[in-house]
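Q: Those protein sequences? They're chains W and E, same order as listed. 828 is the number of the first residue of the first sequence in our numbering; add one for each residue after it. 828 is the number of the first residue of the second sequence in our numbering; add one for each residue after it. Have a look at the structure that comes next, please.
2 protein chains.
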Amino acid sequence: MCDGKLVLALPEWVGPFLEKAPSVFENIEDRMRLTIELSRLNVKNETGGPFGAGIFERDGGRLIAVGVNVVLDTNCSLAHAEMVCIGLAQQKLKTFDLGAEGMPACELASSTEPCAMCLGAIPWSGVRRLICGARGRDACKIGFDEGVKVPDWIDTLESRGITVLRDVLRKEAREVLIRYKESGGLIYNGRQATFPTKESNQS
Amino acid sequence: MCDGKLVLALPEWVGPFLEKAPSVFENIEDRMRLTIELSRLNVKNETGGPFGAGIFERDGGRLIAVGVNVVLDTNCSLAHAEMVCIGLAQQKLKTFDLGAEGMPACELASSTEPCAMCLGAIPWSGVRRLICGARGRDACKIGFDEGVKVPDWIDTLESRGITVLRDVLRKEAREVLIRYKESGGLIYNGRQATFPTKESNQS
């Protein structure tokens, strides 16, 4: 058997990068710019897919945690940027619920809209707002599979008190995806080649 | 910032338990019995919610990895039994795709049908078969929230080449849920109290 410990580590370049970054990001464009930069650097450093995420205090803008896609480096299909970011934020703040009483409201910024797994994880995380750069269909266009999401996925989050803002710096976020594809980046979802995804209405 | 490492560890009782367990589980009832026993022991040892999972070689029945719900102990809402199990199996076999060429077909057994997050994770994992004990609505009945799943979630897995078997020892699996509720076990999803879930047709 295994040793019973699942470890998902961020790439080594992330620490030094964050040391030079601000600790507070006042507006949503700045927050999105950080996640897009993380997605770009993840490609540049060849440490994973073109996806970045950050969790911030919604009102003050303090950065709590970041994530990048480390599926390849960690040998783990769960290691999407949003998942890594949610887990790191929760363990940093020592709570499985970022929306618990007494916590500052948190928001998740993602360089691309969440796939079906990450979408399912968002209500459990306790974040109160989701901001997205590129659309799910922008990721699909370069060959990634976003899975099967309910067509009204934005409404389902909003009905749980999670506000959704989409298309924040979409063009810049999409450019990273396109460049990844053009540079021959691995589209690593093995299952997708055989079993094409259904596209949802809102993607 | 955090140290950039997300760690999800199984409870300490799991190792000794597995040392005494068989390494091969020939039929699906035996595989399900193992995951139900894991769910029961997780409650008994007060190490998390009443959910267990296992990944096996579908044809030979060799046990690859197990998971239990460790949301509370790890301070991480992602740490559902299925997620922990998928990640451990992949890291043990050193692949992010359990369905990659050359791999034996793998199956995921879960003591309760997957929530929306775990459902989204299954196609990325590479497993070829999912076997479920209790239904999603059995978990909802004791107060857990399974999130918003597409109504035809079984069909969406089958269309990706993932066979689904449900209601395997459902009664035994459900009993663990009921006993957890009766013993005053924490129904820990904070968001669910305020924002009731929609039930899907197939749950």
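Even for Gly, the Cβ is constructed at its ideal location relative to N, Cα and C. The structure presented is a predicted model; accordingly, all values stated were derived computationally and were not measured.
Cα separation between residue 1073 of chain W and residue 834 of chain W?
A: Since the first residue shown for chain W is 828 and the last is 1030, residue 1073 of chain W is missing from the structure and cannot be characterised.
Q: Show which residues of chain E have a CB atom less than 7 Å away from the CB atom of residue 854 of chain W.
A: In the first sequence, the residue the question calls residue 854 of chain W occupies position 27. Those within 7 Å of residue 854 of chain W in chain E number zero; the least Cβ separation is about 21 Å.
Q: Looking at the structure shown, is residue 963 of chain W part of a helix, part of a strand, or coil, going by DSSP?
A: Translated into positions along the first sequence, residue 963 of chain W becomes position 136. The answer is helix: DSSP assigns residue 963 of chain W an H, G or I state.
Q: On the three-state DSSP scale, how would you describe residue 884 of chain E?
A: Reading the second sequence from its first residue, position 57 is the one you call residue 884 of chain E. In this structure, residue 884 of chain E counts as strand in the three-state DSSP scheme.
Q: Between residue 989 of chain W and residue 946 of chain W, how many whole angstroms is the CB-CB distance? I'm expecting something under 8 Å.
A: Taking the first residue of the first sequence as position 1, residue 989 of chain W is located at position 162. Taking the first residue of the first sequence as position 1, residue 946 of chain W is located at position 119. Contact flag wrong, Cβ pair sits at about 11 Å.
Q: Counting only beta-carbon atoms, is residue 974 of chain W nearer than 7 Å to chain E?
A: As a position in the first sequence, residue 974 of chain W is number 147, starting the count at 1. Answer yes: the Cβ-Cβ gap between residue 974 of chain W and chain E drops below 7 Å somewhere.
Q: Can you name the residues of chain W whose CB is closer than 7 Å to the CB of residue 952 of chain E?
A: For the purposes of this step, residue 952 of chain E is taken as residue 125 along the second sequence, with counting starting at 1. Correct list: 904.
Q: Are the segment 912-932 of chain E and the segment 961-974 of chain E touching by the rule of at least three beta carbon pairs closer than 8 Å?
A: These segments do not touch.
Q: Hey, is the segment 926-944 of chain E in contact with the segment 906-915 of chain E, meaning 3+ C-beta pairs nearer than 8 Å?
A: Cβ pair count under 8 Å is three or more, so yes.
Q: Taking only the alpha-carbon atoms, compute the straight-line gap between residue 1027 of chain E and residue 982 of chain E and give it to the nearest angstrom.
A: What you label residue 1027 of chain E is simply residue 200 of the second sequence in a count that begins at 1. What you label residue 982 of chain E is simply residue 155 of the second sequence in a count that begins at 1. No answer about residue 1027 of chain E holds up, because its pLDDT of 39 lies below 50 and its placement is not dependable.
Q: Taking the runs of the alpha helix (DSSP H) that are 4 residues or longer, which of them lie wholly in the segment 931-955 of chain W?
A: Counting whole runs of 4 or more residues, the segment 931-955 of chain W contains the alpha helix (DSSP H) stretches 943-952.
Q: Could you name the residues of chain E that residue 929 of chain W contacts, counting a contact when the two beta carbons are closer than 9 Å?
A: Within the first sequence, the letter at position 102 stands for residue 929 of chain W. Those within 9 Å of residue 929 of chain W in chain E number zero; the least Cβ separation is about 12 Å.
Q: To the nearest angstrom, how far is it from the Cα of residue 921 of chain W to the Cα of residue 901 of chain E?
A: For the purposes of this step, residue 921 of chain W is taken as the residue at position 94 of the first sequence. For the purposes of this step, residue 901 of chain E is taken as the residue at position 74 of the second sequence. Cα to Cα, residue 921 of chain W sits roughly 9 Å from residue 901 of chain E.
Q: Taking a Cβ distance cut-off of 7 Å, strictly less, list which residues of the segment 918-948 of chain W are near chain E, in chain order.
A: Listed by position, the residues of the segment 918-948 of chain W near chain E (Cβ gap below 7 Å) are 918, 919, 921, 922, 923, 924, 926, 927, 942, 943, 944, 946, 947 and 948.
Q: Residue 1013 of chain W: buried (16+ other C-beta within 10 angstroms of its C-beta) or exposed?
A: What you label residue 1013 of chain W is simply residue 186 of the first sequence in a count that begins at 1. Residue 1013 of chain W should be labelled exposed.
Q: Can you name the residues of chain W whose CB is closer than 8 Å to the CB of residue 1014 of chain E?
A: Along the second sequence, read from residue 1 onward, the residue named residue 1014 of chain E stands at position 187. Within 8 Å Cβ-Cβ: nothing; residue 1014 of chain E doesn't reach chain W, min ~12 Å.
Q: Once you ignore the five residues that flank residue 950 of chain W on each side, which residues in its own chain have a CB closer than 8 Å to its CB?
A: Counting from 1 along the first sequence, the entry for residue 950 of chain W is found at position 123. Around residue 950 of chain W: 984, 987 and 989.
Q: So residue 931 of chain W and residue 886 of chain W are supposed to be a Cβ contact under 8 Å. How far apart are they, rounded?
A: Counting from 1 along the first sequence, the entry for residue 931 of chain W is found at position 104. Counting from 1 along the first sequence, the entry for residue 886 of chain W is found at position 59. With 8 Å as the limit, residue 931 of chain W and residue 886 of chain W qualify as a contact, their Cβ atoms being about 7 Å apart.
Q: So, using beta-carbon positions, are residue 993 of chain W and residue 965 of chain W closer together than 7 Å?
A: Within the first sequence, the letter at position 166 stands for residue 993 of chain W. Within the first sequence, the letter at position 138 stands for residue 965 of chain W. Not closer than 7 Å, so no.
Q: Just list the residues that DSSP pairs residue 889 of chain E with in beta bridges.
A: Position 62 of the second sequence holds residue 889 of chain E. Answer is E:851, bridged to residue 889 of chain E.
Q: If you draw a straight line from the C-alpha of residue 972 of chain W to the C-alpha of residue 953 of chain W, how long is it?
A: As a working note, residue 972 of chain W is residue 145 in the first sequence. As a working note, residue 953 of chain W is residue 126 in the first sequence. Answer to the nearest angstrom: the Cα atoms are 25 Å apart.
Q: The alpha helix (DSSP H) that contains residue 899 of chain W, what's its start and end?
A: By one-based count along the first sequence, residue 899 of chain W stands at place 72. From DSSP, the alpha helix (DSSP H) with residue 899 of chain W extends over 898-901.
Q: If you measure from the beta carbon of residue 868 of chain W to each beta carbon in chain E, is any gap under 7 Å?
A: By one-based count along the first sequence, residue 868 of chain W stands at place 41. No, residue 868 of chain W does not count as interfacial toward chain E.
Q: Could you tell me whether the Cβ of residue 887 of chain E comes closer than 7 Å to any Cβ of chain W?
A: Here the question's residue 887 of chain E lines up with position 60 in the second sequence. So no, residue 887 of chain E is outside the interface.
Q: Which two residues bound the contiguous beta strand (DSSP E) that contains residue 992 of chain W?
A: In the first sequence, residue 992 of chain W corresponds to position 165, counting from 1. First-last of the beta strand (DSSP E) with residue 992 of chain W: 990-992.
Q: Three-state secondary structure (DSSP) at residue 958 of chain E?
A: On the second sequence, position 131 is the one that residue 958 of chain E refers to. Note: residue 958 of chain E maps to strand in three-state DSSP.
Q: Exposed or buried, what is residue 1063 of chain W when buried is set at 16 or more other beta-carbons lying within 10 Å of its beta-carbon?
A: What is shown of chain W runs 828 to 1030, which leaves residue 1063 of chain W out entirely.
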